[in-house]
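Just below is one structure, and these are the notes that go with it.
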Amino acid sequence: MTRHHRLTPFRIGGAVALAALLVAMTLSTRFVTPDELASIGPEKFDPAQTAEDLFTEANETIPDAATPLPELLTGLQKDVAKTADDLKASRPNDTTYLFPVRGTATVVATQQQAVDITVDGIPGTTPLSLASGPSLNGAVLRDALGFSFGDASNQTTYQQVGDQLKALVSDQVEQGTGGKLAPGTTLDFTGIVSVTDTGMPQPAAKPVQVQPLTVEVAR
732 MTRHHRLTPF
742 RIGGAVALAA
752 LLVAMTLSTR
762 FVTPDELASI
772 GPEKFDPAQT
782 AEDLFTEANE
792 TIPDAATPLP
802 ELLTGLQKDV
812 AKTADDLKAS
822 RPNDTTYLFP
832 VRGTATVVAT
842 QQQAVDITVD
852 GIPGTTPLSL
862 ASGPSLNGAV
872 LRDALGFSFG
882 DASNQTTYQQ
892 VGDQLKALVS
902 DQVEQGTGGK
912 LAPGTTLDFT
922 GIVSVTDTGM
932 PQPAAKPVQV
942 QPLTVEVAR
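Numbers given in my numbering equal positions in the sequence shown, counted from 1, plus 731.
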């Protein structure tokens, strides 16, 4: 005997409700474009923009935080670790301290990778220089601002941030000096001094090089 399945009012009502639900879901679904889908993913790391932001921060904070260079060297030649603690130096690794500094210098000579200077209050037995050209190192400024490897997307972009900072500093120094670095020129500078902690006071004869942030011909 053949059995016939009858659609009861209950079954008919259920089918209609299900169809209505599917229509409502379709109408309420918003389909996104590939560009929109990309925009809601993780933001792409931009080394150039990051360097611009750090450079702005450096110009806003380092001049006020900077220690006069003679004062810093006096402390380092007594006790490196205590001086770092007193001045709240950055410490990117276990053996390196980074100190913001400022000063007024007189140009002694211009080399390919440095400008040799003297600073009142620092004996001539301590060789002093401002990094320039190839010896400019944006990584020092990057590290002094507390930007770490984990803040970048990978090793390449981390290095690119330093490279971009080097270019920005180079342009700023060039604008500040106008190429006027003849012997006898007086310069006002701010920058970073990197010091390796050996556990001993820094010798007075140890050369000191400033990685500059700003260098301007004194008026």
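Glycine residues also receive a C-beta, built at the ideal position from the N, C-alpha and C atoms.
None of these values were measured; they are calculated from a predicted model.
With respect to residue 826, residue 928 sits close: the two C-beta atoms are nearer than 8 Å. Ranked by how close their Cα comes to the Cα of residue 940, the residues 842, 823, 815 have 842 in first place. Per the C-alpha coordinates, the member of 780, 908, 925 positioned closest to residue 950 is 908. Unbroken alpha helix (DSSP H) runs of no fewer than 4 residues, entirely contained in the stretch 776-829, are found at 778-796, 800-807, 811-818, following chain order.
Here the stretch 793-810 makes contact with the stretch 921-937; the two share three or more CB pairs at distances below 8 Å. Separation of the CB atoms of residue 845 and residue 862 is rounded to 6 Å, and the pair is thereby assigned contact status at 8 Å.
Of the candidates 870, 849, 807, 944, 849 places its Cα closest to the Cα of residue 859. In this structure, residue 833 places its C-beta atom within 8 Å of the C-beta atom of residue 794. No Cβ-Cβ contact shorter than 8 Å links residue 935 with residue 887.
In this structure residue 809 touches residue 932 by the C-beta definition: roughly 6 Å separates them, less than 8 Å. With a threshold of 16 other beta carbon atoms within 10 Å, residue 815 meets it and is buried.
By the 16-neighbour rule on beta-carbons within 10 angstroms, residue 910 is exposed. Every alpha helix (DSSP H) of 4 residues or more that sits fully in the stretch 840-914 is shown, in chain order, as 869-875, 886-908. Within a 10 Å sphere around the beta-carbon of residue 851 sit fewer than 16 other beta-carbons, which makes this residue exposed. Beta-bridge partners of residue 837 (DSSP): 849, 917.
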